[in-house]
Amino acid sequence: MWFIPAYILILFLIIAIDYYAAKKIEDTHSKKAKKRLLIWAIVNTCLVLFIFKYNNFFIDNFNALGFHQVKHWHIILPIGLSFHTFQSLSYVIEVYRGNFKAERNLLTYSNFVMMFPQLVAGPIERANNLLPQLKKCDHIITSKDLSIGMLQFFWGLFKKAVVADTLSSFVNAAYGMYQFQPGSVLLAGTILFAIQIYCDFSGYSDMAIGIARMLGFKFRDNFKLPYFSKDITEFWRRWHISLSTWLRDYIYIPFGGSKRSKWRTHVNLLLTMLIGGFWHGASWNFIIWGGFNGLYLSFERLIKIHQLRPRNIVTKSIRILYTFTLISFSWIFFRSETFAQSVTILKKIGLDFSLQKFWFWDLSIYPSIIVGLSILFGFEYFILRKQTFDQLYEKKNRKIVFCSLTVFFILVTILSGNSNGSQFIYFQF
Amino acid sequence: MKKILLYITIIAINLVVADRIFYYFFTNYVFAKTLSGDTGGAINYSLQKKENVDCIILGSSRAKYLIDPALLTAVCDGKGYNAGKSGFGGIVYNNMLLHLIVNKSTAPQMIILQVDPNYYFKWGVEDFTNELLPLYPFINNSKELRNFISTNSNYAEKFKLFFHLYRYNGKFAGVLFNYFKRKSFKPNNGFESLTGRIDTTTFNITEPPKKEFTYSTVKINLLADFVSTCNTLHIKLVVVFPPTYKNTYFVKQASDTITRLLNKDRAVTIFDFSDIQKNPALQSADLWKDDSHLNNTGAVIFSKLLNDSISLKLKP
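Right under this line is the structure:
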């Protein structure tokens, strides 16, 4: 997945398809014609995604059947394609549903799809939130926007550079050499990957939201402390919110949601999560990851977990641990490159688990991990769990608090950030 | 607009002031007193310890875990110091460390440099500053180090280095940790042994590269500079090529080339153990932690072998 200048034309093509389709949908009075236009837009937009993202996956699977060998297409997945196709599609669907007026200015619409902070890895913004802000004539940047934006940006940078990239050296060593690692290292690698991917992706989202805010635009939240969730259902309301609400609004509900029979609801949940998994990447591992999450949601619906409210700190902790364990288990499939690798890792964790064999060469990262995780947990638990950045700004001495926190996160990043960090995990999608 | 500019200015000023003040206190009151740990404390100790020892071992983890100075009785009565650096320790690092060592006080009588010949291949885009990260806290102590970083780093790195605290990037927590446990610090000779045995069931031998490799000019030049510095300061230089399990990383062409280069001015004594076929005593899997590191038992055998070889070649 790379940025190739010529690939910008793909983005323009998606913009052109959906801009034209939305306008036509609004101008047409016949319901059938509207539906035809919507299907045309969805098929064409998805076709672009299919060609660039899924084509070789289907070729591989077709070849595996052994009838005929089809050659791979030598194409590279354009950066952020999955994100802007979903963003563009949501706009057309909303126009079709009559919830939103079609944008008549191509430049404004292009700006909505291409807005740079969220172009490559989201959040997948909705037209009803971002387009009105883009159309506002008296757009101004206030010192409040700047203070909040800066703090959120450097908080995101801290999560990425200090926590995610430090953890990545352990996780990469564990997963990269999984054949040689004992189960204890692989288990630690899996747990740390759960934190790494959260800090990597939510860090990116915070930076995107922060940059937009510094420019005077408000994006919607993409993460709300997901690992404090007490069940998987709650987790998916807090994790990658822009995608999970997209899947809910444009896949789960159109399939019938929970309004049909019981078994149909379970099928809908499973299908939605399978599609969500497949959206992440053209690999069976992502489909399996989605499948597991679908099964979790289905199971929780079956046992009516929302009625089992934890009442004290012990039961709350147990529920948080339950959620974290199940989610971490599914991350094994997400992080592994092949299904065989996931199976080997699971086998090693189960059958070759020995704390005595635990060994990791670079001992110097442990103190950094401890410092990073302590600050992460402290800031999330004591500050962000109780209030948003906007609410924090309403408190006394806000200038001093925001300035100090911003300087603090910059200094911590300078001191403990991995200066040769890897790219964002979600850039590959 | 005024408010916005004022806010940015206040943040920038606060940042620079906090950076400089914190750097000053951290360097003088914490880092200088830290003598252990991979985050700079061990280098601090090497620089101090050096004043009392005549023989220093330099290299990577393959020096640190393989060569026990206590067993090198032939050259320094077993009182040398192993300054090998796990995860680093190529010639870029060692050359700059040598300058730091000789800048600090009198030069040692002997340096044993562990070398992996295939390290001198040019592997894609070369980023030398990466190898020097452990030495960033010592930038003020060596002109050579400052010049090398300034010549070889890109604009991003130069910008980062504007912040003095960046010199402790990735090391801060480790330094702090070792500072607090400094009272339990025990004098040592730098050698660390590894336990465990290589898992031969999952071990795969990587095919040695068959194509002709090009050598890194910068690394070769630094090696030549290393030799020349030792010559100038009358330091006896001994170079060791350690083996790898089943010759995993052995490239004969590389060993021969580096030997030829080092032999140019005949000032260097080379001990080439890189071909394990010629060293049957080290072939058993029981002696290896992984394909490039001997375990504690293996390290004893290797150190003794090295000591015997040195004894044969260097003793009158």
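Top to bottom, those sequences are chains A and B.
Residue numbers for the first sequence follow my numbering, beginning at 23 and rising by one.
Residue numbers for the second sequence follow my numbering, beginning at 316 and rising by one.
A virtual CB, placed ideally from N, CA and C, is assigned to each residue, including glycine.
- Between the beta-carbon of isoleucine 387 of chain A and that of phenylalanine 192 of chain A there is about 6 Å, and that keeps the pair under the 8 Å contact cut.
- Nearest to valine 407 of chain B by C-alpha distance, out of B:Asp587, B:Leu629, B:Leu460 and B:Tyr344, is B:Leu460.
- With a cutoff of 8 Å on beta-carbon distance, threonine 572 of chain B and isoleucine 585 of chain B are scored as not near each other.
- Non-local C-beta neighbours of isoleucine 327 of chain A in its own chain, meaning closer than 6 Å and more than five positions away in sequence, comprise Asp253, ordered along the chain.
- Lysine 551 of chain B is bridged by DSSP to B:Met425.
- For the pair of segments examined, the segment 131-147 of chain A was found to touch the segment 28-39 of chain A: the number of CB pairs separated by less than 8 Å reaches three.
- For isoleucine 372 of chain B, there is no enclosing alpha helix (DSSP H); the residue is part of the beta strand (DSSP E) that begins and ends at 370-373.
- One thing to note: asparagine 397 of chain B has its Cβ no nearer than 8 Å to the Cβ of alanine 422 of chain B.
- Rounded to whole angstroms, isoleucine 535 of chain B and valine 430 of chain B show a C-alpha spacing of 12 Å.
- If only complete runs of 4 or more residues are kept, the segment 71-100 of chain A shows the alpha helix (DSSP H) at 77-87, in order along the chain.
- The alpha-carbon of lysine 501 of chain B is positioned some 55 Å away from that of leucine 317 of chain A.
- In this structure, DSSP gives asparagine 503 of chain B a state outside helix and strand, which the three-state scheme calls coil.
- DSSP places tyrosine 396 of chain B in the strand class (E or B) of the three-state scheme.
- Judged by DSSP in its simplified three-state form, tryptophan 438 of chain B adopts coil rather than helix or strand.
- One finds Leu437 in chain A with Cβ atoms closer than 7 Å to the Cβ of tyrosine 483 of chain B, taken in chain order.
- The alpha-carbon of leucine 156 of chain A is positioned some 39 Å away from that of leucine 214 of chain A.
- Contact between the segment 488-495 of chain B and the segment 457-472 of chain B is absent: fewer than 3 CB-CB pairs across the two stretches fall below 8 Å.
- Following the DSSP letters along the chain, one finds phenylalanine 138 of chain A inside the alpha helix (DSSP H) bounded by residues 138-141.
- Across the set B:Phe346, B:Leu350, B:Met411 and B:Lys318, the C-alpha of B:Leu350 shows the shortest separation from the C-alpha of asparagine 503 of chain B.
- Leaving aside the five residues that flank aspartate 383 of chain B on each side, the residues in its chain whose CB is nearer than 8 Å to its CB run, in chain order, Asn397, Asn504, Phe506, Ser508, Ala614, Val615 and Ser618.
- Comparing C-alpha distances from serine 390 of chain A to each of A:Leu348, A:Val365, A:Val434 and A:Lys408 shows the shortest one belongs to A:Val434.
- Per DSSP, leucine 414 of chain A has no beta-bridge partner at all.
- Neighbourhood of threonine 360 of chain A in chain B, by CB distance below 9 Å: empty, with the nearest CB roughly 16 Å away.
- Around the beta carbon of alanine 63 of chain A, 16 or more other beta carbons lie within 10 angstroms, which makes this residue buried.
- Among the residues facing chain B, valine 193 of chain A is not included, as its CB has no counterpart in that chain under 8 Å away.
- Among the CB atoms of chain A, one or more fall inside 8 Å of the CB of asparagine 329 of chain B.
- Residue contact check for asparagine 419 of chain A against chain B: no CB pair falls below 8 Å.
- Across the structure, glycine 489 of chain B and glycine 404 of chain B are spaced so that their CA atoms are roughly 19 Å apart.
- Here glycine 394 of chain A is near serine 438 of chain A, since their CB atoms are less than 8 Å apart.
- Rounded to the nearest whole angstrom, the C-alpha separation of alanine 327 of chain B and phenylalanine 431 of chain A is 13 Å.
- Taking a C-beta distance under 8 Å as the contact criterion, isoleucine 146 of chain A and leucine 265 of chain A qualify as a contact pair.
- Neighbours of phenylalanine 617 of chain B in chain A, taken as residues whose beta carbon is under 9 Å from its own, are absent, since the nearest beta carbon is some 19 Å off.
- The beta carbon of histidine 106 of chain A sits closer than 8 Å to the beta carbons of Leu33, Ile36, Val135, Met136 and Leu141 from its chain, once the five residues preceding and following it are set aside; these are given in chain order.
- Here DSSP, grouped into helix, strand and coil, assigns tyrosine 530 of chain B to strand.
- Counting C-beta atoms within 10 angstroms of its own C-beta, leucine 373 of chain B has 16 or more neighbours from the protein chains shown and is therefore classed as buried.
- Look at proline 389 of chain A: its C-beta is under 8 Å from a C-beta on chain B.
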